[in-house]
Amino acid sequence: MKVSTTSVTALAAGAVAAPSNNVPRKSAAACAEAVTLDASTNVFEQYTLHANTFYRSEVEKAVEAITDSALKASAAKVADVGSFLWLDSIANIAKFDEAVADVPCENILGLVIYDLPGRDCAAKASNGELKYDELDRYKTEYIDPIVEKIKANPNTAFALLIEPDSLPNLVTNADKTACADSKTGYEEGVAYALKSLNLPNVVMYIDAGHGGWLGWDANLDPGAEELAKVYKNAGSPEQVRGYATNIAGWNSWDEEPGEFSDASDAKYNSCQNEKTYVTKFSAALKTAGFPEHAIVDTGRNAVTGLREEWGDWCNVDGAGFGVRPTADTGLELADAFVWGKPGGESDGTSDESATRYDSYCGKPDAYKPSPEAGEWNQAYFEMLLKNANPAF
Ligand code: BGC
34 MKVSTTSVTA
44 LAAGAVAAPS
54 NNVPRKSAAA
64 CAEAVTLDAS
74 TNVFEQYTLH
84 ANTFYRSEVE
94 KAVEAITDSA
104 LKASAAKVAD
114 VGSFLWLDSI
124 ANIAKFDEAV
134 ADVPCENILG
144 LVIYDLPGRD
154 CAAKASNGEL
164 KYDELDRYKT
174 EYIDPIVEKI
184 KANPNTAFAL
194 LIEPDSLPNL
204 VTNADKTACA
214 DSKTGYEEGV
224 AYALKSLNLP
234 NVVMYIDAGH
244 GGWLGWDANL
254 DPGAEELAKV
264 YKNAGSPEQV
274 RGYATNIAGW
284 NSWDEEPGEF
294 SDASDAKYNS
304 CQNEKTYVTK
314 FSAALKTAGF
324 PEHAIVDTGR
334 NAVTGLREEW
344 GDWCNVDGAG
354 FGVRPTADTG
364 LELADAFVWG
374 KPGGESDGTS
384 DESATRYDSY
394 CGKPDAYKPS
404 PEAGEWNQAY
414 FEMLLKNANP
424 AF
């Protein structure tokens, strides 16, 4: 059951999820009937991205650790912001059950599908548990169980963000051995995910990097063709709505002329902000035969001018929480601003002796110390909060 048009408008305009005391927690709050999502429409106009219990509990713990009373009060508000929950390993599929238990009918649960064989082939910080040749395990031990769980919850709406960085890495990092080795696993793995997760109560967005990645003039068409190829190999599943940009990223939505427009190579990239990237990449996708609507991560993009280079991706120092999830993007091609990366969780460890240490996490513009990717960094969370725009 969908919410009425009247409440739709109210929800979309509300941007921030309802205050926690209005959200029924740990109750069977799903819709009374099976949910059917029409992926030819923007479902974020009907559903609010759910403030999931996992991020809520991370934030609640963070609040306890803060002594300054003003900061504590604003930190508590972050728990009410909708964000995506990352199912980043086979073991973490277990997070699904608690997360699904308190999703009210007017909310959509955002999940990140993120466990491809040979994951994070161009970097080290998020290397995954499956080797590049373990595609069968990805299918049977990771995707299939998630499919079962979603099927068991037909009365809940789901927005799935499919495999951050994977297809973009095949487009631009094919010269790296690990990415070349991962090509089959990524393409067949993503196609399998799209095909298997093509359920009526699901909409899917495939990751497409950001303007500083596939937005280079020379990358737009190859990027679009790569996404379209995998989508078509999956049988063009109906519930694929489009793509996701700036996931765990830092780019401004519409800064003009753009944060890196003064760089010597800027003439090769006409997508100097995400808004332009979405506009141009959507056009390329349409030509390639792929559904061209986007969601854009604004979770940590409040402050610009912090990075030495556009490609600096790890725990950027000085960052702030950005615009709260909303369907009010001002661009028809952009369905919603979302919080993709849960702000406060690390992008990668700054410990040089760690197996997954990546030199990007040791750069001068990266916050130190930082724990392993996905682990909570209290100081970083407090920094994001202090630098938030809009403020909490
Ligand atoms: C990490 C994941 C984590 C996600 C969200 C990724 O960089 O590899 O383990 O769940 O970020 O914080």
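Sequence positions in the sequence shown follow the numbering used here and run 34 to 425.
Even glycine gets a Cβ: it sits at the ideal position worked out from N, Cα and C.
Counted within 10 angstroms of its Cβ, other Cβ atoms place residue i as buried (16 or more) or exposed
i: Gly338; result: exposed
i: Asn422; result: exposed
i: Thr388; result: exposed
i: Ser285; result: buried
i: Glu325; result: buried
i: Glu365; result: exposed
i: Thr100; result: exposed
i: Phe425; result: buried
i: Pro358; result: buried
i: Glu408; result: exposed
i: Asn54; result: Summary for Asn54: the model assigns pLDDT 44, below 50, so the residue's position carries little reliability; its value from the coordinates is reported in the next sentence. Flag for Asn54 reads exposed.
i: Thr173; result: exposed
Reduced DSSP secondary structure (H/G/I, E/B, other) of residue i
i: Val329; result: strand
i: Tyr264; result: helix
i: Ile99; result: coil
i: Arg274; result: strand
i: Ala368; result: Sequence check: residue 368 is Asp here, not Ala. In the structure shown, Asp368 sits in a strand (DSSP, three-state: E or B).
i: Val133; result: helix
i: Thr337; result: coil
i: Pro57; result: The predicted position of Pro57 is uncertain, since its pLDDT is 44 and thus under 50; a value taken from the coordinates is nonetheless stated next. The answer is coil: DSSP assigns Pro57 none of H, G, I, E or B.
i: Asp214; result: helix
i: Asp426; result: Past the boundaries of the shown model lies residue 426; the chain is included only from 34 to 425, so the question cannot be answered.
i: Leu163; result: coil
i: Thr74; result: coil
i: Leu247; result: coil
i: Gly25; result: With the chain represented from 34 up to 425, any question about residue 25 goes unanswered, as that position is not in the structure.
i: Asn279; result: coil
i: Leu417; result: helix
i: Glu259; result: helix
i: Val114; result: coil
i: Asp240; result: strand
i: Val68; result: coil
i: Ala192; result: strand
i: Asn410; result: coil
i: Leu200; result: helix
i: Ile146; result: strand
i: Glu405; result: coil
i: Glu288; result: coil
i: Val356; result: coil
i: Gly19; result: As displayed, the chain neither begins before 34 nor continues past 425, which places residue 19 out of reach and without an answer.
Cβ-Cβ distance between residue i and residue j below 8 angstroms
i: Tyr390; j: Tyr400; result: no
i: Ala158; j: Ala406; result: yes
i: Asp121; j: Tyr88; result: no
i: Leu168; j: Leu260; result: no
i: Pro375; j: Ser107; result: no
i: Glu78; j: Ala277; result: no
i: Pro402; j: Ser383; result: yes
i: Gly218; j: Tyr165; result: yes
i: Leu417; j: Ala352; result: yes
i: Asp287; j: Asn306; result: yes
i: Ala241; j: Phe314; result: yes
i: Gly332; j: Trp372; result: yes
i: Phe354; j: Ala367; result: no
i: Pro270; j: Asn231; result: yes
i: Ala67; j: Val114; result: no
i: Glu139; j: Ala112; result: no
i: Asp295; j: Ser229; result: no
Cutoff 7 angstroms; reference residue i; Cβ partners in own chain excluding five residues on either side
i: Tyr264; result: Leu227, Val273 and Phe323
i: Lys209; result: Cys154 and Ala155
i: Pro404; result: Ser379, Thr382 and Asn410
i: Ala224; result: Val263, Asn266 and Ala267
i: Val96; result: Lys105, Ala108 and Ala109
i: Tyr80; result: Glu139, Asn140, Ile141 and Ala190
Contact set for residue i: own chain, Cβ-Cβ below 8 angstroms, skip 5 residues either direction
i: Asn186; result: Ala63, Val133 and Asn234
i: Ala98; result: Gln411
i: Ala207; result: Ala213 and Lys216
i: Leu149; result: Gly161, Leu163, Tyr171, Glu196, Ser199, Ser215, Gly218, Tyr219, Gly222 and Val223
Proximal residues to residue i (C-beta, below 6 angstroms), its chain only, five neighbours per side dropped
i: Phe129; result: Lys182
i: Ala127; result: none
i: Asn119; result: Before going further, note that residue 119 is Trp rather than Asn in the sequence given. Closer than 6 angstroms at Cβ, skipping near neighbours: Val145 and Tyr147.
i: Glu162; result: Ser122
i: Gly347; result: Looking at the sequence itself, residue 347 is Cys, so the reference to Gly does not match. Asp380, Gly381, Tyr393, Cys394 and Ala399.
i: Asp350; result: Asp398 and Tyr400
i: Ile328; result: Tyr238, Ala277, Asp368, Ala369 and Val371
i: Val311; result: Ala327, Leu366 and Ala367
Residue i CB to nearest heavy atom of ligand 2 below 7 angstroms
i: Lys308; result: With respect to ligand 2, the structure offers nothing, as its ligand set consists of ligand 1.
CB contact check: residue i to chain C, cutoff 8 angstroms
i: Asp101; result: This model lacks chain C altogether, as it is built from one protein chain only.
Stretch pair the segment 192-202 + the segment 223-237: three plus CB contacts closer than 8 angstroms: yes
Would you check if there are 3 or more beta carbon pairs closer than 8 angstroms linking the segment 276-284 to the segment 243-257? yes
Is the segment 71-82 close to the segment 195-204, with three or more CB pairs under 8 angstroms? no
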